[in-house]
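Novice: 13 is the number of the first residue of the sequence shown in the working numbering; add one for each residue after it.
I have a structure here, written as structure tokens, and I will follow up with some questions on it.
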Amino acid sequence: MRISTAALRQSDARMFTLVVQGLKAAGTRTAERCFSIPLSQMQTTLRMINQQGGRLLSVTPTDQVSASPAPAPSAANAAPAPVTTPVKHEAPPVNLYKPKDPYFGTVLGNYSLLAEGAIGRVNHITFDLSEGNLHYVEGQSIGIIPDGVDSNGKPNKLRLYSIASTRHGDNLEAKTVSLCVRQLQYEKDGETIYGVCSSFLCDIEPGAKVKITGPVGKEMLLPPDEDANVIMLATGTGIAPMRAYLRRMFDAGERAKNPAYQFRGKAWLIMGVPTTPNLLYEEDLQAYQAEFPDNFRYTKAISREQQNPSGGRMYIQDRVAEHGEEIFTMIEDPKTHVYMCGLRGMEPGIDEAMSKAAEAKGLNWSELRPQLKKADRWHVETY
Ligand SMILES: Cc1cc2nc3c(=O)[nH]c(=O)nc-3n(C[C@H](O)[C@H](O)[C@H](O)COP(=O)(O)OP(=O)(O)OC[C@H]3O[C@@H](n4cnc5c(N)ncnc54)[C@H](O)[C@@H]3O)c2cc1C
Numbered sequence: 013m014r015i016s017t018a019a020l021r022q023s024d025a026r027m028f029t030l031v032v033q034g035l036k037a038a039g040t041r042t043a044e045r046c047f048s049i050p051l052s053q054m055q056t057t058l059r060m061i062n063q064q065g066g067r068l069l070s071v072t073p074t075d076q077v078s079a080s081p082a083p084a085p086s087a088a089n090a091a092p093a094p095v096t097t098p099v100k101h102e103a104p105p106v107n108l109y110k111p112k113d114p115y116f117g118t119v120l121g122n123y124s125l126l127a128e129g130a131i132g133r134v135n136h137i138t139f140d141l142s143e144g145n146l147h148y149v150e151g152q153s154i155g156i157i158p159d160g161v162d163s164n165g166k167p168n169k170l171r172l173y174s175i176a177s178t179r180h181g182d183n184l185e186a187k188t189v190s191l192c193v194r195q196l197q198y199e200k201d202g203e204t205i206y207g208v209c210s211s212f213l214c215d216i217e218p219g220a221k222v223k224i225t226g227p228v229g230k231e232m233l234l235p236p237d238e239d240a241n242v243i244m245l246a247t248g249t250g251i252a253p254m255r256a257y258l259r260r261m262f263d264a265g266e267r268a269k270n271p272a273y274q275f276r277g278k279a280w281l282i283m284g285v286p287t288t289p290n291l292l293y294e295e296d297l298q299a300y301q302a303e304f305p306d307n308f309r310y311t312k313a314i315s316r317e318q319q320n321p322s323g324g325r326m327y328i329q330d331r332v333a334e335h336g337e338e339i340f341t342m343i344e345d346p347k348t349h350v351y352m353c354g355l356r357g358m359e360p361g362i363d364e365a366m367s368k369a370a371e372a373k374g375l376n377w378s379e380l381r382p383q384l385k386k387a388d389r390w391h392v393e394t395y
């Protein structure tokens with residue numbers, strides 16, 4: 013099949029719906045699948061349909077989809093890329109409070125999220141927002157300016173933290189924001205060093221006022237589609253935005269607050285921690301799993317307790333590799349979004365696991381990832 017590149021140059025913004033038969037996924041062939049793509053992605057999509065042995069039944073301008081689709085000129089060179097149009101989000105609020113004029117949030121609560129025997133310190137900290145105009149949506153971050161001065165005697169600079177609560181806050185009154193903070197601790201020249209802001213936050217007492225900026229961030233916004241599939245890859249405090257998504261999807265109070273968002277898709281959390289006592293928000297996650305077994309899947313990589321197939325520690329990338337086939341089958345669905353959050357070190361391992369899984373399906377991850385990113389389906393926030 014030939015698609016005129018003249019048409020492509022003429023209007024890249026036009027959308028087309030492709031109906032494809034017989035794509036190979038998870039070892040079986042699908043009956044029929046629909047892809048909604050911009051004209052600019054037509055060539056790549058056709059190439060992928062071809063690679064996966066699919067037959068193109070029709071190509072229709074999207075605004076005509078409800079009318080009967082025109083037959084495809086020929087299926088000969090067809091091939092889909094698992095891509096789609098960028099998701100349209102409502103514009104999130106940004107930079108409502110800046111470092112020069114921050115919001116002063118009173119600490120409402122600060123408690124440890126860890127069970128006995130855990131490594132390190134991770135706290136859930138909630139601030140009151142009732143006095144000003146600081147509001148946010150799931151997936152954004154706020155800045156915290158710790159009290160005191162740095163080693164040069166200058167006021168401390170802000171650090172960003174992913175918001176762990178939904179826009180309604182933990183008490184559903186839309187007047188609080190919560191964070192999930194790990195105290196940074198490392199050894200240097202035989203001395204234990206503690207991070208400035210993370211220690212400030214983990215030690216802070218209820219009633220204290222803290223300088224808050226933001227919100228910021230558009231990278232980790234949740235698609236508004238109730239039928240979307242959401243794969244979440246988190247290590248440690250990388251669970252923060254996922255906790256907000258999962259509350260929005262499955263918490264009874266949240267669902268009552270969001271009549272227009274009654275999640276029906278598949279949410280799959282793959283979570284990496286060093287030990288079982290380091291698992292975060294475990295009770296909530298177990299409750300979602302019990303209540304929504306068809307919609308929420310929860311896979312753990314507990315590095316110091318579980319072994320990967322080579323006998324080494326089980327890291328998140330080992331779980332991604334183990335489930336690569338299923339992950340890619342989900343990614344082939346244009347409604348699937350992947351979110352990654354946690355320490356920056358998790359990225360190369362996951363990339364490698366995704367490359368191998370893609371290869372097994374005859375796909376090239378280094379080509380596919382930017383396409384998914386462009387389609388707003390691959391979201392990464394690592395630090
Ligand atoms: C978008 C975004 C979201 C974030 N979300 C979260 C979150 O949800 N939860 C969370 O806990 N953190 C989060 N962070 C990280 C957070 O912003 C801080 O970087 C973190 O809390 C450390 O700040 P600190 O002031 O405690 O450390 P600092 O006192 O600023 O010390 C950090 C510095 O210590 C040095 N250092 C760190 N580790 C070592 C080491 N092993 N050896 C030698 N030197 C080292 C480095 O120079 C580093 O820059 C996020 C960051 C970003 C960018």
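Every residue, glycine too, gets a C-beta built ideally from N, C-alpha and C.
All figures in this text were calculated on a predicted structure; none of them were measured in a lab.
Just the Cα atoms here: how many angstroms apart are ALA93 and GLY265?
Specialist: At ALA93 the pLDDT is 49, less than 50, meaning the model places this residue with poor confidence and gives no usable figure here.
Novice: Starting from PRO400, follow its DSSP beta bridges and name the residues at the other end.
Specialist: Residue coverage of the chain in this structure runs from 13 to 395, which leaves residue 400 outside it and unanswerable.
Novice: At a cut of 8 Å, does the region 235-247 reach the region 352-367 through at least three beta carbon pairs?
Specialist: yes
Novice: Pick out every residue whose C-beta is nearer than 5 Å to a heavy atom of ligand 1: which are they, in chain order?
Specialist: SER153, ARG171, LEU172, TYR173, SER174, VAL193, ARG194, LEU196, TYR198, GLY207, VAL208, CYS209, SER210, THR249, ALA252 and TYR395
Novice: Excluding the 5 residues flanking ASN122 on each side, which residues of the same chain have their C-beta closer than 6 Å to its C-beta?
Specialist: ASN135, ILE137 and ILE216
Novice: Would ARG356 be called buried (16 or more neighbouring beta carbons within 10 Å of its own) or exposed?
Specialist: exposed
Novice: Using 8 Å for Cβ pairs, my map puts THR178 next to ARG260. What's the rounded Cβ distance?
Specialist: 5 Å
Novice: Under a three-way DSSP split, which group does GLN55 fall into?
Specialist: helix
Novice: Classify GLN329 as helix, strand or coil using the three-state DSSP reduction.
Specialist: In the structure shown, GLN329 falls within a helical segment according to DSSP collapsed to helix, strand and coil.
Novice: Does DSSP classify SER210 as helix, strand or coil?
Specialist: helix
Novice: By the DSSP assignment, the beta strand (DSSP E) with SER190 in it spans what residues?
Specialist: 188-194
Novice: Roughly how many angstroms separate the alpha carbons of ARG67 and ILE49, rounded to a whole number?
Specialist: Note on geometry: alpha-carbon atoms of ARG67 and ILE49 lie some 17 Å from one another.
Novice: Thinking THR288 and GLU317 are a contact (beta carbons under 8 Å), I'd like their distance in whole angstroms, please.
Specialist: 6 Å
Novice: Does the Cβ of ASN376 have 16 or more other Cβ atoms within 10 Å, making it buried, or fewer, making it exposed?
Specialist: exposed
Novice: Comparing alpha-carbon positions, which option in ASN107, LEU172, GLN33 and LYS100 lies nearest VAL71?
Specialist: GLN33
Novice: Starting from MET232 and walking both ways along the alpha helix (DSSP H), at which residues does that stretch end?
Specialist: Run containing MET232: none; DSSP gives neither H nor E here.
Novice: I'd like the list of long-range same chain contacts for ASP330, defined as Cβ closer than 7 Å, with 5 residues on each side in sequence excluded.
Specialist: ALA313 and ASN320
Novice: Within 10 angstroms of the Cβ of TYR293, are there 16 or more other Cβ atoms? Answer buried if so, exposed if not.
Specialist: buried
Novice: Could you check whether CYS192 and ILE251 sit closer than 8 Å to each other, using their CB atoms as the reference points?
Specialist: It is a contact, given that the beta carbons lie within the stated cut-off.
Novice: Provide the residue(s) that pair with ASN122 in DSSP beta bridges, ordered along the chain.
Specialist: Paired residues: ILE137.
Novice: Let me know if PRO218 comes out buried or exposed under the rule of 16 or more other beta-carbons within 10 Å of its beta-carbon.
Specialist: exposed
Novice: Which of the three DSSP states is assigned to TYR300 in this structure?
Specialist: helix
Novice: Leaving out five residues on either side along the sequence, give the residues of the same chain with a beta carbon under 6 Å from the beta carbon of HIS391.
Specialist: GLU231, MET232 and TYR351
Novice: Where do the ends of the alpha helix (DSSP H) carrying GLU102 lie?
Specialist: Looking at the DSSP string, GLU102 is not in any alpha helix (DSSP H), and its letter there is neither H nor E.
Novice: Quick check on the DSSP output: the beta strand (DSSP E) that includes LEU397 runs from which residue to which?
Specialist: What is shown of the chain runs 13 to 395, which leaves residue 397 out entirely.
Novice: Quick check: the Cα distance between SER80 and PHE28, rounded to an integer number of angstroms?
Specialist: At SER80 the pLDDT is 37, less than 50, meaning the model places this residue with poor confidence; the figure from the coordinates comes in the next sentence. Distance from the CA of SER80 to the CA of PHE28, rounded to the nearest whole angstrom, comes to 14 Å.
Novice: Classify ILE131: buried if its beta carbon has 16 or more other beta carbons within 10 angstroms, exposed otherwise.
Specialist: exposed
Novice: With a 10 Å radius around its C-beta and 16 neighbouring C-beta atoms as the bar for buried, classify ASP239 as buried or exposed.
Specialist: Counting Cβ neighbours within 10 Å, ASP239 comes out exposed, since fewer than 16 surround it.
Novice: For LEU380, which of helix, strand or coil comes out of DSSP?
Specialist: helix
Novice: Could you check what DSSP says for ARG67 in three-state terms: helix, strand or coil?
Specialist: strand
Novice: For the beta strand (DSSP E) containing GLY284, list its first residue and its last residue.
Specialist: 279-285
Novice: Per DSSP, what kind of secondary structure is LEU258 in: helix, strand or coil?
Specialist: Correct three-state label for LEU258: helix.
Novice: Please report the residue range of the beta strand (DSSP E) in which PRO313 lies.
Specialist: For clarity, residue 313 is Ala in the given sequence; the question names Pro instead. Unbroken beta strand (DSSP E) run through ALA313: 308-314.
Novice: Less than 8 Å separating the beta-carbons of ILE224 and ILE154?
Specialist: yes
Novice: Going by CA-CA distance only, name the one from GLY65, ALA256 and CYS46 that's closest to LEU35.
Specialist: GLY65
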